[in-house]
Structure formats: C-alpha cells, structure tokens
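Asks: First the structure, which I've put down as structure tokens, then a few questions once you've had a look.
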Amino acid sequence: MQPLFLYNTLTRKKEEFKAISPPFVGMYVCGPTVYADVHLGNCRTFISFDIIYRYLVHLGYKVRYVRNITDAGHLESDADTGEDKISKKAKLQQLEPMEIVQTYTVDFHNVMAQFNALPPSIEPTATGHILEQQEIAQEIINKGLAYEVNGTVYFDVEKFAKDHNYTALTGRKLEELLENTRDLEGQQDKKGRLDFALWIKAKPEHLMQWNSAWGKGFPGWHIECSAMSTKYLGEQFDIHGGGMDLQATHHTNEIAQSIAYCGKQPCNYWLHTNMLTVSGQKMSKSLGNSFLPSELFSGNHPLLDKGYSPMTVRFFMMQTHYRSTLDFSNEALQASEKGFDRLMESHKTLQTLIPSATSSEDIKALETRCYEAMNDDFNTPVLIAVLFDAVRIINSANDKKLSLTQADIELLKKIYQHFIFDVMGLKAVSENSKSMQVLDKVVNIVLDLRNKAKAEKNFPLSDEIRDKLTESGVQVKDSKEGTAWKI
RNA sequence: GGUCCUGUGGCCGAGUGGUUAGGCUCAGCUCUGCAAAAGCUGCUACUCCAGUUCGAACCUGGACGGGACCUCCA
C-alpha cells in the first residue's frame, strides 16, 4: 500500500494515513438533514468524500463507509430550543414527518446518483437508532458528565473540559467560547452556557417523540452521529468527515460525547471540506444566491446562463481542492465544460491510436505523477493537470507528432480507467442509447453525402451541409483519416 | 466584536525558498478548398509595506481586501 497523506483537522497538518486494522478502513461522514431539497453545498461535500472513498478503495482498502440520514432531532437553532426542522415542515404541509423524510431522502439519492456518487456501505437514520442514543445519554449521565433537568438531558461541557480538551478540533480557548456565547432564550435549565442537549423533552404538540427514562422526548442533534458511528464502526475508527461548518459545534460536541461515553478519541483523522460560494459569497438561501442541483443542470435560474451536465459540475468541483472554497460562476463552469469535453474526447481518440515500435514519451512517469497527486491529500486539481498532459500526448500521437508503443497505449488506457472513471467517478455523457446509435448512422449518411460533394468540388453544398449540422449541434471534424463528428 | 482561514496572470485554480502548474480566454503559426478540430508558439502572475536570507510570491511582522465559524447549515 503506497503512503497516503491527508490533512487532519485535529492536528492541523498533513499526516500519513495509517489504518487501525488494514486493509480495513472505517469512514463516517455526516449526511444531510432531509427536510428540504438537497443543497448544492451538501453535494460538494458528499462528492468530495465520494472521491476519497473511491481512492481508498482503489488503493486496495476495504472501506466501510457510513453516511447517516438525519431525520429527527435537528433543531432550528443550536440553543436546544425551537422546533424540529422536520416536524415544522410536516405541520406546514400537513404531512406525516416521515413523508417529508421519505420525499427528501429520495430526492437526495436521485441527485447523488446523477452526480455518479457511490452509495455508502451503510446509511443509517437517526430515528432508527433512538435506543442507542438513549443508552449513550444514560451512560454519560452515569459517568457524571451529563445531567437531567425537567426531562431534558444536557452535556456538562465545563465539567468535561476539566479533564479533556473540549476545543481540540478548533483550537479555540474555552474561556473565549464562554465569553462569546450569548444569552439565549429557553436555556434557563442549563447549568453552563456551552452545555448542549443529548435528549430533549418534547412538547405535547411535537410530532416526533419517543418514550425514555426522562419522559417523552427526542434525541439531540449531535448524539446520533456518536451512536451510529460507534454502532457500525466501533468506538474508534479511521476517518470522520463533514463540512467545515460542522467543525466548531457539531463535531466538537460529537467528540466530547464519544469520549465521555467510552473514554476514547472516536476517530483518528478528521477531514473537513470547504464551503461553496457564488461569485465570492457563501451560497445561502438568505442571500438569494443559491440554486438547486436541478436548476444547475437545466440552467433554469436567473444566475445561470445555461445548464451544465452533472458530470461537468463534478469535474468543475474537482478542479478545486476540497479544502479550498469553490466559487461558482458562469465563466468558470463554461471553462470546465470545455476542458471536460476535451478530456473525454481524448479518451475516444485513445481507443483508436495506432501503436509505434518505440515510445517518445514516459507514460510510467505520468502514472506516478497521478498517484503522487492523489496521495498528497487527494489533490484532484493536480491530478487533472497531469491528465491534461496525457491529453496532449494522445492528441499528438494521433497527429503522428509523437509515438507510443502498444504497451504505452495500454498503460494510458489503464490510467484513464483508474483515475478518470474509477477514482474521479466521471463518466462519458450517455452515448449508448438506442437513439444515439440511430443518430450515429444518420449523421454518417449525411457526412458521406457531404464528402461526395467535396470530391466533386461542390463546396457551396458541402459547406451548407456542414453549417446546417453545426446549427443542429453537430460539430464536424475533418482530418486526413476522414471526417469525425461530435455533439 | 472574538477565533481561524485566505489574497496568484483577462477568468478559474495548483504549487514550491532559487527551475513550465493545469484548464478556459486571446494572438500567431501548422494542417485545411474554407472552417472546425487537433498540435505548436506567445501572453510569464503571485495585494501592499517592512524584515530574515546569497536569494521569497513561497518564512516572519504589520497594513488593507475577501471568506468561514462564534447562531440552523455540508
């Protein structure tokens, strides 16, 4: 297994990845709260971890990838007040909470499938693990690090912080956090300002509630991840991921709970993906600059000049490192669309290359550079730069400007398969459909007629055919070997 | 206000103390009946100020700009 380096938020530096029990790897990623259409920023996070998952698998690890669905317990504010997001939506639309959950879970799966993201190994839900969450809350009470007041169970942050580093993940000072936390309503029951709820007493009208030792209620937000990661990956596992916005509160509390529960750091490597911005500003509904994945695909949005295919968007996302902010703009998307097109065209060209007796290029070195890029904290932008070197080599070989042996052509095919399709998860835009096959024949008939016209030097006619094809979205490409075309 | 991150060529976006990132755009050339495609060549950047150094865009300090978190959020 070759050395893989990744940036660990816990230590704030790149570290060599060492699995707890190789070849097995346990990876937990915080999934979506299914109360609304999946947000493009969510997609970026899950696509980033899809690449990480795919690369680990490619390297030969046996990965158990757990990504939860939050379908309860997620309050509108983190002050442990306010309403459950899903309950609220359910009341608003006069639906069962589970209808909301079902609708948006299906939507989420559809979108992820369009982006060609692999499903996780296990996708557990918060509502499916109520007992496990209660058990953890009870155990933390038993350890003296949580307390119950009026049916709600709070985690005692300041008591925990006496023996543990509560702020390890952010590097903040506890005193500063205490000073900066403002007074919020409905928190009278809390002992400490930073305390957070493990279990929340439900009001009678609350739609989703369960029996517990503390009366009817529902779980706090953070505890589901502790419960489900422990259940499926054990008390200690390898990688925990999520968006950077989860780092300060959600993950900090998750670590505290897990340590309080079983006395161990739950996870060795914490990976965080950066935010998505639109023209320099964070994409958010309140700023009015957000669009849905479906709007991005269709182009049906005031901020978008046109639609972009899911694969274009995926490729675009990979041209930025996962720890940098990713800025959406029409110009940037169009640039990616062209680049992605060129990459995919070269894959077709690669299949038709004629081998030479010798090679003028070092393809093995190119493969090594691909691995070096990915081993350096999954650096997909550098990987793509290397792959464009391959594009140039393939096109030049096709133009007979340089030579490749059969072995090198095979190696290039392997590199393409491994890095473009297996690791980056890109795929050619569908070309195998029945109508596509028919179109292929039809266009070739038209091009044959054009070539006849050309042979007769009837250029007005041949140009008219070409221009009309171009108008219809078929690009004609003449070369010495003949005429090719693409959409 | 506090904490942290960041500032790269027309646009997007990597990276390193001294050597070409890459993509897109633009210009020229090759090829072509013309065009497109493809290839080649060119456009050589690193917010500002001071310091460390033989040498800094890359290290340190400061200024200014942008962003994230501190409040639901991937």
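Take 21 as the starting number for the first sequence in our numbering and just add one per residue.
The beta-carbon is built from N, C-alpha and C at its ideal position, and this holds for glycine as well.
Bear in mind the structure is a predicted one, so any value in this text is a computation, not a measurement.
Alpha helix (DSSP H) containing Asn-309: first to last residue?
Replies: From DSSP, Asn-309 is part of no alpha helix (DSSP H); its letter is neither H nor E.
Asks: Buried or exposed: where does Met-512 fall if 16 or more other Cβ atoms within 10 Å of its Cβ makes it buried?
Replies: Residue 512 is absent from the structure shown; the chain starts at 21 and stops at 507.
Asks: Is DSSP giving Leu-386 helix, strand or coil here?
Replies: Leu-386: helix per DSSP, three-state reduction.
Asks: Contact between the segment 78-87 and the segment 139-154: three or more CB pairs below 8 Å?
Replies: Contact holds: three or more Cβ-Cβ distances are below 8 Å.
Asks: Which residue wins for smallest C-alpha separation from Ser-499, given the options Leu-432, Lys-477 and Lys-420?
Replies: Closest option to Ser-499, Cα to Cα, is Lys-420.
Asks: For the segment 269-303, which segments carrying the alpha helix (DSSP H) assignment without a break, of at least 4 residues, lie completely within its bounds, in sequence order?
Replies: Entirely contained in the segment 269-303, the alpha helix (DSSP H) runs reaching 4 residues are, in chain order, 272-282.
Asks: Would the beta-carbon of Asp-428 fall within 8 Å of that of Glu-392?
Replies: The answer is no: Cβ separation not under 8 Å.
Asks: Any contact between the segment 155-173 and the segment 215-222? By contact I mean 3 or more CB pairs, one from each, below 8 Å.
Replies: Cβ pair count under 8 Å is three or more, so yes.
Asks: My output table needs one value for Tyr-48: the three-state DSSP class, helix, strand or coil.
Replies: It is a strand residue.
Asks: Just to confirm the assignment: which complete alpha helix (DSSP H) runs, minimum length 4, are found wholly within the segment 164-189?
Replies: Entirely contained in the segment 164-189, the alpha helix (DSSP H) runs reaching 4 residues are, in chain order, 177-183.
Asks: Report the partner residues of Ser-499 according to the DSSP bridge assignment.
Replies: BP columns for Ser-499 point to Gly-502.
Asks: Measure the C-alpha to C-alpha separation of Cys-245 and Arg-192 and round it to an integer number of angstroms.
Replies: The straight-line gap from Cα to Cα measures roughly 23 Å.
Asks: Could you tell me the alpha carbon to alpha carbon distance between Ser-304 and Pro-52, rounded to whole angstroms?
Replies: Their Cα atoms are separated by approximately 16 Å.
Asks: Count the other C-beta atoms from every protein chain shown that fall within 10 angstroms of the C-beta of Gln-158, then say buried if there are 16 or more, exposed otherwise.
Replies: That one is buried.
Asks: Please go through the same chain and pick out, in chain order, the residues whose beta-carbon is closer than 6 Å to the beta-carbon of Leu-312, but skip the five residues on each side of it.
Replies: Excluding positions up to five away in sequence, the list reads Asp-57.
Asks: Give me whichever residues DSSP pairs with Ser-41 in a beta bridge.
Replies: DSSP lists Phe-44 as partners of Ser-41.
Asks: Three or more C-beta pairs under 8 Å: does that hold for the segment 280-289 against the segment 248-266?
Replies: Cβ pair count under 8 Å is three or more, so yes.
Asks: Apply the 10 Å Cβ neighbour rule to Leu-76 and answer buried if 16 or more other Cβ atoms are within range, or exposed otherwise.
Replies: With 16 or more Cβ atoms within 10 Å of its Cβ, Leu-76 is classed as buried.
Asks: So, at 6 Å on beta carbons, what are the nonlocal neighbours of Ile-72 in its own chain, with the 5 sequence-adjacent residues on each side left out?
Replies: So the list reads Phe-398, once near-sequence residues are dropped.
Asks: Where does Val-86 sit, in a helix, a strand or coil, going by DSSP?
Replies: DSSP places Val-86 in strand when its eight states are reduced to three.
Asks: Going by DSSP in three states, Asn-350 sits in which element: helix, strand or coil?
Replies: Of the three classes helix, strand and coil, the one that applies to Asn-350 here is helix, per DSSP.
Asks: Given Met-364, which residues of its chain have a CB within under 6 Å of its CB, disregarding the five upstream and five downstream residues?
Replies: Closer than 6 Å at Cβ, skipping near neighbours: Ala-448.
Asks: Who are Pro-239's beta bridge partners in DSSP?
Replies: The partner list for Pro-239 (beta bridge, DSSP) reads Trp-219.
Asks: Under 7 Å Cβ to Cβ from Phe-69, same chain only, skipping five residues before and after it: list those, please.
Replies: Once the five neighbours on either side are set aside, the close Cβ partners of Phe-69 are Val-49 and Gly-261.
Asks: What did DSSP end up calling His-129 once you bin it into helix, strand or coil?
Replies: The answer is helix: DSSP assigns His-129 an H, G or I state.
Asks: Check whether the Cβ atoms of Gln-13 and Thr-190 sit closer than 8 Å, and answer yes or no.
Replies: In the structure displayed, the chain extends from 21 to 507; residue 13 sits before or after that span and is not available.
Asks: What three-state label does DSSP hand Gly-263 in the structure shown?
Replies: Three-state result, Gly-263: strand.
Asks: Got a sec? Which residues, its chain only, sit under 8 Å from Ile-440 by beta carbon, not counting five neighbours each side?
Replies: If we look at Ile-440 and ignore the five residues flanking it on each side, its Cβ neighbours are Leu-363, His-367, Leu-407 and Leu-446.
Asks: Is the CB-CB distance between Ala-188 and Phe-175 below 8 Å?
Replies: Cβ distance not < 8 Å, so Ala-188 and Phe-175 don't count as in contact.
Asks: Under the three-state reduction of DSSP, which class applies to Phe-398: helix, strand or coil?
Replies: Here Phe-398 sits in coil by DSSP.
Asks: Taking all protein chains shown into account, decide if Gln-277 is buried (16 or more other Cβ within 10 angstroms of its Cβ) or exposed.
Replies: Buried is the call here.
Asks: Taking the beta strand (DSSP E) that Phe-25 belongs to, which residues open and close that run?
Replies: It spans 25-28 - the beta strand (DSSP E) in which Phe-25 sits, taken as one unbroken run.
Asks: So Ala-280 and Phe-180 are in contact, right, with Cβ under 8 Å, and what is the actual spacing, rounded?
Replies: So it is a contact: roughly 6 Å between Cβ atoms.
Asks: Could you work out which residue in Ser-41, Ala-410, Leu-24 and Phe-135 is closest to Ser-329 when comparing CA atoms only?
Replies: Selected option, being the one with the closest Cα: Phe-135.
Asks: In the DSSP assignment, what are the bridge partners of Glu-116?
Replies: DSSP lists no partner for Glu-116.
Asks: Can you check which of these residues, Met-21, Gly-46, Phe-479 and Asn-28, is closest to Lys-251 by C-alpha distance?
Replies: The option with the nearest alpha carbon to Lys-251 is Gly-46.
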